[in-house]
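A quick write-up on the structure given underneath.
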Amino acid sequence: MNTIYRCVDADSIDMSVVEEAGTVIRRGGLVAFPTETVYGLGGDALNPSSSKKIYEAKGRPSDNPLIVHIADMDDLDRIAADIPEVAYKLADRYWPGPLTMIFKKRSVVPSETTGGLDTVAVRFPSHPVAQAFIKASGGYIAAPSANISGRPSPTSGEHVRQDMDGRIDMIVDSGPCDIGLESTIIDLSHGAAMMLRPGFVSAEMLREVVGELETDPAVFHETGPDVRPKAPGMKYRHYAPKGKVTIVSGQRDDVIRYIRDRLAANSGKIRTAVLSDSDDAVQYTQADLVGDMGSRDDESSIASKLYDMLRRCDDENIEEIYSEEFDTPQLGQAIMNRLIKAAGHNTIKV
Ligand code: AMP
Ligand code: MG
């Protein structure tokens, strides 16, 4: 398939490109598009064959549900049922933005889109190009992240091109994503509010609105094979580079010493990388790649660099990746949740 590639400036949107993308969607095709979190791989959420195509293009199992993206509050209750009052409060505060809410679905939403579940995940993104594209497409875009299944989510048009060129109809590139981590997911379909995935909207920010908030145990811990996860991102290998990731936690000096020892032991034998904060980066000269994640005082820069760093490790054929812990105040949960998944729970306390 020949993939159409177009750049759109988010500050002055070329509506002819947006219309072109909308036409592709209405005809049942797939378009990768920018959002404030990561790039999405979009299809018509109400067309079962579009959702099937999304699974094929990603190489993703079809019981892994897709998030439905809207760009108008009035469209919410056409796809979701039994919407609790608290959802409107959350929407007032955090929509448009990086929050996904799960509701009982209405019958217009095909089960192909929801991975066979009777619930639907809905998000109203804030990215102006995403909003224009969703409107031009008919209002309901089903989209997972626009990466090949198992790879880190794409946070730039170039990442999308690496994974999706030749596999989808069109890529709309608006440069790097602001946040760089997937949306926070909150399940409001079963009574008590439950966070299924941490993101830019933190558990604290959710609690300010919902009061009581549970967190699905699978967010930070490995679950047994008999537990059916609510968010399939928890079930499948996710956010992973090709190299083996080890998270090293402990006192700063101990962490630096441990990683330096490992680099020295592997030197000349195995290709190594370190994900480090800016202050520590100079310590790791023996690594083949030092991923400088920025200052710990600027947690949003750490979040927005994570996937690009993991992809760079793949580009450089890195076999062993050591990461410092990034337990920062607001985004720490989201960053560590992705890192822990990339590491397959491989954490060393020194
Ligand atoms: P991605 O776009 O790759 O971040 O994937 C979307 C994620 O949203 C899925 O992997 C699920 O974790 C979650 N999700 C979507 N729909 C539902 C749903 N109905 N119930 C629970 N989780 C959902
Ligand atoms: Mg994904």
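Residues 182 to 531 (the numbering used here) make up the sequence shown, in order. Think of the CB as a built atom: it goes at the ideal place given N, C-alpha and C, for glycine as much as any other residue.
Could you check if residue i belongs to the surroundings of the ligand HEM, using beta carbon to heavy atom distance under 6 Å?
i	result
I360	This structure lacks the ligand HEM; its bound ligands are the ligand AMP and the ligand MG.
Considering only the beta carbon of each residue, do residue i and residue j sit closer than 7 Å?
i	j	result
I360	E480	no
I483	M474	yes
V382	Y275	yes
I248	A313	no
G203	S231	no
V310	P215	yes
G347	M196	no
C494	G449	no
I437	D469	no
D344	I366	no
K285	D263	yes
V267	G431	no
S364	R304	yes
On a CA-only basis, which of the options is nearest residue i? Give me that one, please.
i	options	result
T281	D495, K239, P246	P246
T528	A202, I428, G338	I428
L387	L487, F401, A399, L369	L369
T336	R287, V353, R441	V353
I260	V290, Y269, F507	V290
I206	S364, I349, A445, E506	I349
I315	D508, K425, D225	D225
F507	D442, S485, K423, I499	S485
Q467	R441, R342, Y236, K450	R441
I283	Q511, A373, I185	A373
K233	K270, G297, E339	G297
From the DSSP output, which residues share a beta bridge with residue i?
i	result
S355	In the DSSP output, where bridge partners are listed per residue, S355 has none listed.
R259	DSSP, once it has assigned bridges, lists no residue as partnering R259.
E506	Answer is none; E506 lacks a bridge partner.
V471	V455
Does chain D have any CB closer than 7 Å to the CB of residue i?
i	result
I194	In summary, chain D is missing from the structure at hand, where a single protein chain is found.
In or out: residue i buried (at least 16 other Cβ within 10 Å) or exposed?
i	result
C358	buried
G501	A quick correction: the sequence has Glu, not Gly, at residue 501. Buried, because 16 or more other Cβ atoms sit within 10 Å of the Cβ of E501.
Q514	buried
M351	buried
T294	buried
Y420	buried
T453	buried
A213	buried
V199	buried
V471	buried
A327	buried
C188	exposed
R287	exposed
D458	buried
A445	exposed
R519	buried
A463	Ala is not the amino acid found at residue 463; the sequence shown has Val there. Classification for V463: exposed.
E385	exposed
D190	exposed
S193	exposed
K496	In the sequence as presented, Lys is not what sits at residue 496; that position holds Asp. Counting Cβ neighbours within 10 Å, D496 comes out exposed, since fewer than 16 surround it.
D397	buried
| task | Could you tell me whether the segment 252–259 touches the segment 317–337, where touching means 3 or more Cβ pairs closer than 8 Å? | result | In this structure the segment 252–259 lies against the segment 317–337, because at least three pairs of beta carbons, one per stretch, are closer than 8 Å.
| request: Check whether the segment 331–350 touches the segment 218–230, counting contact only when three or more Cβ pairs, one atom from each stretch, lie closer than 8 Å. | output: Yes, the segment 331–350 is in contact with the segment 218–230.
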